[in-house]
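Chemist: Protein chains in written order, with our numbering: chain A, 1 to 195; chain B, 1 to 195. Using N, Cα and C, we set each Cβ at its ideal position, and we do this for glycine too.
2 protein chains.
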Amino acid sequence: MKRRGFLVILSGPSSAGKNTLLSAIKGRVPGMLYSISVTTRKPRPGERHGVDYFFLDDAEFTRLRDSGGLLEWAEYCGHYYGTPREFVEDSLAAGHIVITDIDIQGARQIRTAMPEAVAVFLMPPSLEELQKRIVARGTDSEAAIKERMKRAVDEMKYVVDYDYWILNTDLDQAVTDLLAIITAERQRVERTEFP
Amino acid sequence: MKRRGFLVILSGPSSAGKNTLLSAIKGRVPGMLYSISVTTRKPRPGERHGVDYFFLDDAEFTRLRDSGGLLEWAEYCGHYYGTPREFVEDSLAAGHIVITDIDIQGARQIRTAMPEAVAVFLMPPSLEELQKRIVARGTDSEAAIKERMKRAVDEMKYVVDYDYWILNTDLDQAVTDLLAIITAERQRVERTEFP
Numbered sequence: 001m002k003r004r005g006f007l008v009i010l011s012g013p014s015s016a017g018k019n020t021l022l023s024a025i026k027g028r029v030p031g032m033l034y035s036i037s038v039t040t041r042k043p044r045p046g047e048r049h050g051v052d053y054f055f056l057d058d059a060e061f062t063r064l065r066d067s068g069g070l071l072e073w074a075e076y077c078g079h080y081y082g083t084p085r086e087f088v089e090d091s092l093a094a095g096h097i098v099i100t101d102i103d104i105q106g107a108r109q110i111r112t113a114m115p116e117a118v119a120v121f122l123m124p125p126s127l128e129e130l131q132k133r134i135v136a137r138g139t140d141s142e143a144a145i146k147e148r149m150k151r152a153v154d155e156m157k158y159v160v161d162y163d164y165w166i167l168n169t170d171l172d173q174a175v176t177d178l179l180a181i182i183t184a185e186r187q188r189v190e191r192t193e194f195p
Numbered sequence: 001m002k003r004r005g006f007l008v009i010l011s012g013p014s015s016a017g018k019n020t021l022l023s024a025i026k027g028r029v030p031g032m033l034y035s036i037s038v039t040t041r042k043p044r045p046g047e048r049h050g051v052d053y054f055f056l057d058d059a060e061f062t063r064l065r066d067s068g069g070l071l072e073w074a075e076y077c078g079h080y081y082g083t084p085r086e087f088v089e090d091s092l093a094a095g096h097i098v099i100t101d102i103d104i105q106g107a108r109q110i111r112t113a114m115p116e117a118v119a120v121f122l123m124p125p126s127l128e129e130l131q132k133r134i135v136a137r138g139t140d141s142e143a144a145i146k147e148r149m150k151r152a153v154d155e156m157k158y159v160v161d162y163d164y165w166i167l168n169t170d171l172d173q174a175v176t177d178l179l180a181i182i183t184a185e186r187q188r189v190e191r192t193e194f195p
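1) In chain A, which residues lie less than 9 Å from B/ILE166 when you measure between Cβ atoms?
2) Between the alpha carbons of B/ILE25 and B/LEU179, how many angstroms are there, rounded?
3) Does the beta carbon of A/ILE181 sit closer than 8 Å to a beta carbon anywhere in chain B?
4) Which residues, in order along the region 143-162 of chain A, keep a beta-carbon less than 9 Å from a beta-carbon of chain B?
5) I want to verify the contact list: residues of chain B whose CB lies under 9 Å from the CB of A/ASP177, in sequence order.
6) Using a Cβ cut-off of 7 Å, which residues of the region 122-146 of chain A contact any Cβ in chain B, in chain order?
7) For A/ALA174, I'd like the list of residues in its chain whose CB is within less than 6 Å of its CB, leaving aside the five on either flank, ordered along the chain.
8) Got a sec? Which residues, its chain only, sit under 6 Å from B/GLN105 by beta carbon, not counting five neighbours each side?
9) Quick one: residues in its chain with C-beta nearer than 6 Å to the C-beta of A/LYS157, no 5 flanking neighbours on either side, listed in chain order?
10) Candidates A/ARG188, A/PRO124, A/ALA144 and A/THR183: which alpha carbon is nearest A/LEU171's?
11) Taking its Cβ as the centre, do 16 or more other Cβ atoms sit within 10 Å of B/ARG111, making it buried, or is it exposed?
12) Could you check which residue in A/ASP163, A/GLU47 and A/VAL120 has the C-alpha nearest to that of A/ILE36?
13) Verify the CB distance criterion: does B/PHE194 have a CB-CB separation below 8 Å to chain A?
14) Pull up the DSSP beta-bridge partners for B/SER11, would you.
15) Whose CA, out of A/ASP163, A/TYR164 and A/GLU129, lies closest to the CA of A/MET149?
16) Any idea which residues DSSP pairs A/VAL98 with across the strands?
17) Could you give the uninterrupted runs of the alpha helix (DSSP H) lying entirely in the region 30-70 of chain A, keeping only those of 4 residues or more?
18) Quick check: what's the CA-CA separation for A/HIS49 versus A/THR176?
19) Taking buried to mean at least 16 other C-beta atoms within 10 Å of its own C-beta, is A/ALA59 buried or exposed?
20) Under 7 Å Cβ to Cβ from B/PHE55, same chain only, skipping five residues before and after it: list those, please.
21) Please state the DSSP three-state secondary structure of A/ILE166.
22) Judging by CA-CA distance, which residue of A/ALA184, A/ARG186, A/ASP140 and A/VAL189 is the nearest neighbour of A/ARG41?
23) Pick from A/GLU116, A/PHE121, A/ALA113 and A/ALA152: whose alpha carbon is nearest that of A/GLN131?
24) For B/LEU10 and B/VAL120, which I take to be in contact (beta-carbon distance under 8 Å), what is that distance rounded to the nearest angstrom?
25) Rounded to whole angstroms, what's the CA-CA distance from B/ASP154 to B/SER14? Just pull it up for me.
26) For a test of the three-state rule: what should DSSP assign to B/GLU116, helix, strand or coil?
27) For A/PHE194 versus A/GLU116, is the C-beta spacing smaller than 8 Å?
28) Residue range of the beta strand (DSSP E) that B/THR139 falls in?
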């Protein structure tokens with residue numbers, strides 16, 4: 001039995017906890033690879049180039065995007081984000097599961113290009129909790145916090161376009177749910193070639 | 001967020017290990033109910049009426065079937081098997097997950113009646129291992145063993161009609177896979193009503 005690789009898109013409003021959840025499942029799925037996004041925003045404390053993001057300047061980003069090197073890209077709060085195409089396509093072709101966290105706009109672009117991708121929506125426990133997280137991060141101005149919150153409310157309704165949703169109240173439960181979704185999708189008959 | 005119930009069909013060739021797997025996940029999924037089949041075959045040692053099966057005689061079975069009381073029924077090696085309709089329909093309406101193990105014929109009937117059911121194919125590790133299990137059970141004549149093996153080979157090709165497949169080499173792995181499939185399906189956006 002030969003299994004085909006697939007792309008898992010973890011998306012949801014900003015500060016829903018996508019990065020934390022991805023870090024928490026690191027090493028738990030044998031052979032699963034992480035797609036690392038490019039961004040033009042500045043690194044936050046502790047973030048490393050090539051690990052958390054590839055940090056590019058505007059000119060580098062534009063060059064990569066305009067040469068077709070991005071699977072999706074989006075502008076968010078004045079910065080650009082994107083998913084390098086080559087890594088994802090090569091890894092899937094080699095049979096790997098690839099996971100990526102991207103915002104709602106980017107997720108829509110990838111799903112159009114790759115309708116067989118598995119789309120998971122991470123739902124913050126409540127708007128109050130979401131605001132607390134954004135404020136606690138301490139990197140945003142009051143205006144930026146307002147913009148993030150307004151956008152999060154708008155984005156919540158896109159859950160209906162996704163395959164799965166996970167409520168991020170308790171990290172352990174969110175980890176269990178995400179691992180279950182990946183395990184189940186690996187067992188899909190349509191991804192398997194039977195002799 | 002309100003979740004709708006759904007039916008999980010665990011199917012596969014005879015002696016693939018469906019009953020053992022179902023027993024092994026007992027109590028692991030909160031609120032999941034087990035559909036108990038009716039059969040006209042005699043109880044094997046240790047099997048209890050109302051727990052493993054409802055054991056009926058031919059007249060009782062025919063009466064139930066002809067009054068529309070079965071969701072599916074099949075004849076297998078000279079005996080009748082069926083799934084009582086009322087229990088499944090009432091439990092799903094109340095929002096429960098219901099699981100049932102049925103043979104390939106029965107699974108096809110239920111999937112036609114309930115296309116939204118989740119169909120899982122349990123694959124024996126190998127034909128050699130399958131034969132060993134049937135022989136070890138000690139309840140079948142040599143002719144019956146031959147018939148079961150021939151049928152198992154025929155049935156293996158129906159895996160392509162299913163949503164998921166599980167290879168039953170190692171019971172712990174099969175349990176992990178089945179629990180993951182149920183957990184993932186519970187997180188499907190299409191089964192959830194968002195406010």
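Modeler: With the given structure in hand:
1) As a working note, residue 166 of chain B is residue 166 in the second sequence. Neighbours of B/ILE166 on chain A, chain order: GLN187.
2) Sequence index remark: in the second sequence, residue 25 of chain B carries index 25 (1-based). Sequence index remark: in the second sequence, residue 179 of chain B carries index 179 (1-based). If I take the Cα positions, the gap works out to 7 Å.
3) Counting from one through the first sequence, the residue named residue 181 of chain A turns up at place 181. By this cut-off, A/ILE181 is an interface position.
4) MET156, LYS157, VAL159, VAL160, ASP161 and TYR162
5) The sequence position of residue 177 of chain A within the first sequence is 177, counting from 1. Result: THR183, ALA184, ARG186 and GLN187.
6) none
7) As a working note, residue 174 of chain A is residue 174 in the first sequence. Closer than 6 Å at the Cβ level, and outside the excluded window around A/ALA174, lie LEU21, ILE166 and ASN168.
8) Taking the first residue of the second sequence as 1, we reach residue 105 of chain B at position 105. Hits under 6 Å: ALA74.
9) Residue mapping note: residue 157 of chain A aligns to position 157 of the first sequence, counting from 1. Excluding sequence neighbours, A/LYS157 sits near nothing in its chain.
10) Start at 1 with the first residue of the first sequence, and residue 171 of chain A comes out as number 171. Out of A/ARG188, A/PRO124, A/ALA144 and A/THR183, A/PRO124 has the C-alpha closest to the C-alpha of A/LEU171.
11) Residue mapping note: residue 111 of chain B aligns to position 111 of the second sequence, counting from 1. Buried, because 16 or more other Cβ atoms sit within 10 Å of the Cβ of B/ARG111.
12) Here residue 36 of chain A corresponds to residue number 36 of the first sequence, with the count starting at 1. Out of A/ASP163, A/GLU47 and A/VAL120, A/GLU47 has the C-alpha closest to the C-alpha of A/ILE36.
13) The residue you call residue 194 of chain B lines up with position 194 of the second sequence. Cβ-Cβ to chain A under 8 Å: yes for B/PHE194.
14) Here the question's residue 11 of chain B lines up with position 11 in the second sequence. B/SER11 pairs with B/PHE121.
15) Taking the first sequence and counting its residues from 1, the one referred to as residue 149 of chain A is at position 149. A/MET149 has its Cα closest to that of A/GLU129, out of A/ASP163, A/TYR164 and A/GLU129.
16) Along the first sequence, read from residue 1 onward, the residue named residue 98 of chain A stands at position 98. Paired residue(s): A/LEU7 and A/LEU33.
17) 58-66
18) In the first sequence, residue 49 of chain A corresponds to position 49, counting from 1. In the first sequence, residue 176 of chain A corresponds to position 176, counting from 1. If I take the Cα positions, the gap works out to 29 Å.
19) Position 59 of the first sequence, counted from the first residue, corresponds to residue 59 of chain A. Result: exposed.
20) Counting from 1 along the second sequence, the entry for residue 55 of chain B is found at position 55. So the qualifying residues of the chain are THR39, PRO43 and HIS49.
21) Indexing the first sequence from 1 puts residue 166 of chain A at position 166. Strand, per DSSP.
22) Numbered from its first residue, the first sequence carries residue 41 of chain A at position 41. Closest by alpha carbon: A/ASP140.
23) The residue given as residue 131 of chain A occupies position 131 in the first sequence. With distances taken between Cα atoms, A/GLN131 lies closest to A/ALA152.
24) Counted from its first residue, the second sequence places residue 10 of chain B at position 10. Counted from its first residue, the second sequence places residue 120 of chain B at position 120. Right, their Cβ atoms sit about 5 Å apart.
25) Within the second sequence, the letter at position 154 stands for residue 154 of chain B. Within the second sequence, the letter at position 14 stands for residue 14 of chain B. The alpha-carbon atoms of B/ASP154 and B/SER14 are separated by roughly 11 Å.
26) For the purposes of this step, residue 116 of chain B is taken as the residue at position 116 of the second sequence. Coil.
27) For this step, residue 194 of chain A is matched to residue 194 along the first sequence. For this step, residue 116 of chain A is matched to residue 116 along the first sequence. Not in contact: A/PHE194 and A/GLU116 (Cβ atoms no closer than 8 Å).
28) Counting from one through the second sequence, the residue named residue 139 of chain B turns up at place 139. Neither: B/THR139 is in no beta strand (DSSP E) and is coded neither H nor E.
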